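In this note's numbering, the protein residues as written are -11 to 326.
1) Ordered along the chain, which non-local residues of its own chain (more than five positions away) have a Cβ less than 6 Å from that of residue 121?
2) Taking the straight line between their C-alpha atoms, what separation do you get for residue 311 and residue 187?
3) Output yes or no for whether 7 Å exceeds the beta carbon distance between residue 45 and residue 91.
4) Taking a contact to mean a Cβ-Cβ separation below 7 Å, would you say residue 246 touches residue 276 in this structure?
5) Just mark residue 35 as buried or exposed, buried being the case when its beta carbon has 16 or more other beta carbons within 10 Å.
6) Could you tell me the distance, in whole angstroms, from the CA atom of residue 74 to the CA atom of residue 51?
7) Give me the Cα-Cα distance between residue 117 and residue 161, rounded to the nearest whole angstrom.
8) Is the segment 157 to 175 touching the segment 211 to 225 in the sense that three or more CB pairs, one from each, lie closer than 8 Å?
9) Thinking just about the alpha-carbon of each residue, which of 261, 62, 72 is nearest to the one in residue 48?
10) Given this structure, state the Cα-to-Cα distance separating residue 232 from residue 307, to the nearest angstrom.
11) With residue 123 as the anchor, note down where its beta strand (DSSP E) starts and where it stops.
12) To the nearest whole angstrom, what separates the beta carbons of residue 266 and residue 237, a pair I think is in contact under 8 Å?
13) Would you mind working out which of 53, 225, 309 sits nearest residue 274, comparing C-alpha positions?
14) Straight-line CA distance for residue 195 to residue 115?
15) Taking residue 316 as part of the alpha helix (DSSP H), name the residues at either end of that continuous run.
16) Any idea if residue 256 is buried or exposed, counting beta-carbon neighbours within 10 angstroms, 16 or more meaning buried?
17) To the nearest angstrom, how far is the alpha carbon of residue 22 from that of residue 297?
18) Label residue 209 either buried or exposed according to how many other C-beta atoms from any shown protein chain fall within 10 Å of its C-beta, with 16 as the threshold for buried.
19) Hey, could you find the ends of the alpha helix (DSSP H) residue 243 is sitting in?
20) Given a cut-off of 7 Å, decide if residue 323 and residue 87 are closer than it, judged by their beta-carbon atoms.
21) Could you give the C-beta distance for residue 360 and residue 235, rounded to a whole number, given that I count them as a contact under 8 Å?
22) How should residue -2 be labelled, buried or exposed, when 16 other C-beta atoms within 10 angstroms of its C-beta is the threshold for buried?
23) Hey, residue 319 and residue 142: beta-carbon distance below 7 Å or not?
24) Have a look at 302, 285, 203 and flag the residue whose alpha-carbon is nearest the alpha-carbon of residue 332.
25) Compute the Euclidean distance between the alpha carbons of residue 253 and residue 207, then round it to the nearest angstrom.
26) For residue 96, which option in 146, 317, 64 has the closest C-alpha, if you only look at C-alpha atoms?
27) With DSSP collapsed to three states, give me the class of residue 289.
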C-alpha cells in the first residue's frame, strides 16, 4: 500500500519540536522572513548572473509498494522513512530547488535500477551519482563504466566501509576505479562517516597519483566545529585538501556536522575558513534528503545556508556559486533546461 505523504513542512513540524523550539527563540534578525534576510536575498537577486538552485547531495529509494513490485531493498537495508521520488519532487517544489544530484542509497546497494528509472523519467531535473563496487574480482570497474556510458551517471561515490575487511580505497581495485572515473570524466565522492582522519591519507594518495580525477568531499568530511585535538586535526586535513585543485567540498547535511539545531549557525566560522581555502567555486550545497526532512525540513535546509552566509559576511556572488554555480560548472550541460 503506497504511503500518503504530508507536505514536507508538516512532517518537519510533527517530528522535530526541539528544532522549532530553538527557532522560535532566535532573535528576529536570524529568521528567514526577517527584513534583514529579505534585504540580503534582494542583494543576491541583483547579481547579474544568478544560477539555478541545485542540490548536490540527496537520496531516493523505492516506496514499500515499488519495492514489493519491482525495486527490492537490499536485505537488511530496508529504509525507516519515506524517500521515494514523488515525495522529493514535492519538497523541491516547495523549496524552489531546480535540480539535484541523486546519490545511490545503501538501501538498494549496487542495484541501481530504481535511481536509473528516476534519471530516465526526469533527465533535465536530476543527475546520478552511482555507488562504487570494490569487489575483489574487479566487476565493479565494468559496472561503473556501464552506469556512466549506458545509463548516464555523472559521478561515483566511494564508501570506504564497503571495501573488503582490512583493505583500503588505495588498493588495486580502488585505484583502478578512481582512475576509470577520471577517464570517464566523472567526479568521485568520498563518504567519511567515521571521520576524515581515518581516510585522509587514502584521499591524498589518490589525488596525488590521479590529479585529473575530480573529487567531492561529502558533508564537509563529517567535520564538526572542532572542540578537541582530533577534531582540529580533521578540519586541518580538510583544509589541506584544497591544495589539490580537483577537490570540491559539499557543504551538505548540515544537521550532521553542526552541534546546534536549525539554523546551524555554529558552522559560520568553519564555512568561512573553507571558502578562504577552496574558494566558493569549489563548494556546493546539499540537503541530504530525505534524512533532513525530519531534522529541520527540506526548505529550511536551503534557507539555513543563506542565514549562515549572512553571518559569515559572504558575498552574493559566493552564495550563488555554492547554491548552484559550482555543481553546474562541474557537470557542464546538465540542468540547462530544467
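Note that beta-carbon positions come from the ideal geometry of N, C-alpha and C, so glycine has one too. This structure is a prediction, so every number in the text was calculated from the model and none was measured.
If we stick to the structure as given:
1) 98, 128, 131
2) 27 Å
3) yes
4) no
5) Because residue 35 sits at a pLDDT of 36, beneath the cut-off of 50, its placement in the model cannot be relied upon, and the point is left open.
6) 10 Å
7) 19 Å
8) no
9) 72
10) Rounded to the nearest angstrom, the gap between the Cα atoms of residue 232 and residue 307 is 22 Å.
11) Per DSSP, residue 123 belongs to no beta strand (DSSP E) and is neither H nor E.
12) 6 Å
13) Measuring from the Cα of residue 274, the nearest candidate turns out to be 309.
14) Computed Cα separation, rounded: 24 Å.
15) 314 to 318
16) Residue 256 is buried by the Cβ-count criterion.
17) No answer about residue 22 holds up, because its pLDDT of 38 lies below 50 and its placement is not dependable.
18) buried
19) 242 to 245
20) yes
21) In the structure as shown, the chain starts at -11 and stops at 326, and residue 360 therefore has no counterpart that could be examined.
22) Here residue -2 scores only 47 on pLDDT, less than 50, and its place in the model is too uncertain to base an answer on.
23) yes
24) Limits of the chain in this structure are -11 at one end and 326 at the other, which puts residue 332 out of reach.
25) 16 Å
26) 64
27) helix
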